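Input: a single structure, listed below in structure tokens.
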Amino acid sequence: MLKKFILLLAVLAFSTSAFSATYTGKLIGGGGIDDLSLRVNTSKGKQVDGYCQTVSVCDDWDALFFEDDKAIYHLRPEYLNRKVKLTIVKRPNRGRIAGPSDDEVLPFITQFKFLN
């Protein structure tokens, strides 16, 4: 009984901490204040969002985003509707994104590239 309980806990912990999916679609939005994110319309018609944790993952932030007079970042218009491929992993926040609690599971972009 105890072994089954431990196995169930392990499965639940793994499923909420490392869910990963790769999407192909068109870039339809992005930006933020403290933390930058991207929004993609997938080829199957689903909208997915993910946080850009590092510059190395989401290309060059200065190239992708511009800052308005209120210190809010927006996706540059020339990147709207560009075809992209990205991998999103759902993980506990652990202090990476301002606002949500450390244990809240959030979508993080781990791979990103523009397609022709």
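Throughout the sequence shown, residue numbering follows my numbering, covering 11 to 126 in sequence.
Yeah, the Cβ is synthetic: ideal placement off N, Cα and C, and Gly gets one too.
Since the model is a prediction, treat every value here as computed from it, not as a measurement.
Alpha helix (DSSP H) segment containing residue i, residue limits
i	result
D72	W71 to L74
Whole-Å CB distance - residue i paired with residue j, under 8 Å assumed
i	j	result
G35	F75	Not a contact, Cβ separation roughly 19 Å.
K93	V115	Not quite, the Cβ-Cβ distance comes to about 28 Å (not below 8 Å), so this is no contact.
C68	L85	No, C68 and L85 are not in contact; Cβ-Cβ is about 11 Å, not under 8 Å.
Residues bridged to residue i (per DSSP)
i	result
Y61	S47 and F118
L127	Outside the displayed range of the chain (11 to 126) lies residue 127, so it cannot be described from this structure.
K123	K95
Residue i vs residue j beta-carbon contact at 9 Å
i	j	result
F122	K95	yes
Y83	L37	no
D44	G109	yes
Y33	I107	no
Nonlocal neighbours in the same chain, by C-beta distance under 6 Å from residue i, ignoring five residues either side
i	result
D6	Absent from the structure is residue 6, since the part of the chain shown begins at 11 and ends at 126.
R104	D112
Close-in-space but distant-in-sequence residues of the same chain around residue i (CB under 7 Å, 5 per side omitted)
i	result
S183	Outside the displayed range of the chain (11 to 126) lies residue 183, so it cannot be described from this structure.
Residue i, enclosing beta strand (DSSP E) - first and last residue
i	result
I38	F29 to G42
K95	K93 to P102
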